[in-house]
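For what it's worth, this note's numbering labels the leading residue of the sequence shown as 99, then goes sequentially.
Beta carbons are placed, not taken as given, at the ideal position from N, Cα and C, and that holds for glycine.
Worksheet for the structure shown next.
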Amino acid sequence: MGIQLKVITVLLSISSVTLAEFNRKVFIENIIDCMKDHHLTPQEIQSLGKPDFDEEKNKCYITCIGEKFGIIKNGELSEEGAVSAADNFFSKDDVEKKEKFQAIAKECSANLKTLSTKGCDIGPATKACLIKGAEDRELLPK
């Protein structure tokens, strides 16, 4: 399935589990719910980030996904929610990656509180911060 959220993709790519081990049904239901809520087609989802994509729809869709997974709560990044979501992607024995991701979530939560992100802007800001943190801590290739 070509539908992806970069934050969830980050977590999947830096973890030692596959989407099949994660609750695939919940993942897909959340994606579909956000697609419906923001009137997006599968083709539009596949074009995320491309120049012709509707910027506001993109922001709101990404924010919706973050909310569905508990990463975004009350209009801001939830450190606890991000760590909890990440627990679904790391093996129980992968303590080092979990600790690195906890540090990323803590830093992003603090950093994003200093920005004036409102409404749908929080989703892309959260995504960018988590991805940068994962790259900086070598959980993802740069």
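From the DSSP output, read off the bridge partner residues of Ile170. Partner residues in the beta bridge of Ile170, as assigned by DSSP, are Leu175.
Terminal residues of the continuous alpha helix (DSSP H) containing Asp135? Asp135 -> alpha helix (DSSP H) spans 122-135.
Taking all protein chains shown into account, decide if Pro222 is buried (16 or more other Cβ within 10 angstroms of its Cβ) or exposed. By the 10 Å Cβ count, Pro222 comes out buried.
Which residue from Phe167, Lys166, Leu138 puts its Cα closest to that of Lys155? Distance from the Cα of Lys155 is smallest, within the candidate group Phe167, Lys166, Leu138, for Leu138.
Taking the Cβ atom as the reference point for each residue, do Ala201 and Glu177 lie within a distance shorter than 8 Å? With respect to the 8 Å criterion, Ala201 and Glu177 are not classified as neighbours on the basis of their beta carbons.
Which word fits Ser207, buried or exposed, when buried means at least 16 other C-beta atoms lie within 10 angstroms of its C-beta? Of the other Cβ atoms in all chains shown, 16 or more fall within 10 Å of the Cβ of Ser207; this residue is therefore buried.
For the stretch 159-178 against the stretch 229-238, are there 3 or more C-beta pairs whose distance is under 8 Å? Result no; under three Cβ-Cβ pairs closer than 8 Å.
8 Å Cβ cutoff met for Ile163 and Asn128: Closer than 8 Å, so yes.
Nearest to Arg235 (by Cα), restricted to the options Thr215, Glu194, Ala184, Gly217: Of the candidates Thr215, Glu194, Ala184, Gly217, Glu194 places its Cα closest to the Cα of Arg235.
Can you grab the Cα-Cα spacing for the pair Glu205 / His136, in whole Å? When rounded, the separation of the alpha-carbon atoms in Glu205 and His136 is 29 Å.
Assigned exposure category for Leu130 - 16 Cβ within 10 Å defines buried: The sequence given here has Ile at residue 130, not Leu. Flag for Ile130 reads exposed.
Give the DSSP-derived three-state secondary structure of Asp234 in the structure shown. Three-state result, Asp234: helix.
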